[in-house]
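*Asks:* So that we are looking at the same thing, I have put the structure below in structure tokens.
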Amino acid sequence: MTSTARYEVAQLDTLDPTRCPCGWSRRAFADPAESKASVHLVEILEDARTHYHKTLTETYVVLEGEGYLELDGERIPLKPLTTVKIHPGCRHRAVGKLKVLNIVLPVFDPEDEWFD
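According to the numbering used here, the residues represented by the sequence shown are 474 to 589, in order.
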């Protein structure tokens, strides 16, 4: 008898980091054929670039550090456990030395990163 697990486990801190507009991201559950959402552990760098997504919704949960998010030109202060939902089309970037958990719906698509 074959059983199929109805769960997946990822150890975010052991995944290979990928450069992103915000800094470095470790992405779990990023296969669009198998997942409806992806989860990223993001280390924000000081050179984070303003960008937006046409279809992705991102939810940031600050784990460490303080700073702010620029959201369509407005500054939102960040500290641990601040949670911000970023809708498609919102130009954004994080500023400060931060570690963020980012939940992305649908699964992250690198083709959906846009810059002005």
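The beta-carbon is built from N, C-alpha and C at its ideal position, and this holds for glycine as well.
Which residue comes first and which comes last in the beta strand (DSSP E) that contains His513?
*Replies:* On the sequence shown, position 40 is the one that residue 513 refers to. 511 to 517 is the extent of the beta strand (DSSP E) around His513.
*Asks:* Check for me: the beta strand (DSSP E) holding Lys570 runs from which residue to which?
*Replies:* Taking the first residue of the sequence shown as position 1, residue 570 is located at position 97. Note, Lys570: beta strand (DSSP E), 565 to 578.
*Asks:* What separation, rounded to the nearest whole angstrom, lies between the Cα atoms of Arg499 and Thr491?
*Replies:* Here residue 499 refers to the residue found at position 26 when the sequence shown is read from its first residue. Here residue 491 refers to the residue found at position 18 when the sequence shown is read from its first residue. Roughly 6 Å separates the two Cα atoms.
*Asks:* Straight-line CA distance for Tyr541 to Arg479?
*Replies:* Walking along the sequence shown from the start, residue 541 turns up at place 68. Walking along the sequence shown from the start, residue 479 turns up at place 6. In a straight line, the C-alpha of Tyr541 is about 37 Å away from that of Arg479.
*Asks:* Measuring CB atoms only, is the segment 518 to 525 touching the segment 549 to 557, in the sense that at least three cross pairs come out at less than 8 Å?
*Replies:* Too few Cβ pairs lie closer than 8 Å, so no.
*Asks:* Sorted by chain position, which residues of the same chain lie with C-beta nearer than 6 Å to Lys558's C-beta, five sequence neighbours on each side aside?
*Replies:* Here the question's residue 558 lines up with position 85 in the sequence shown. Answer for Lys558: Thr532, listed in chain order.
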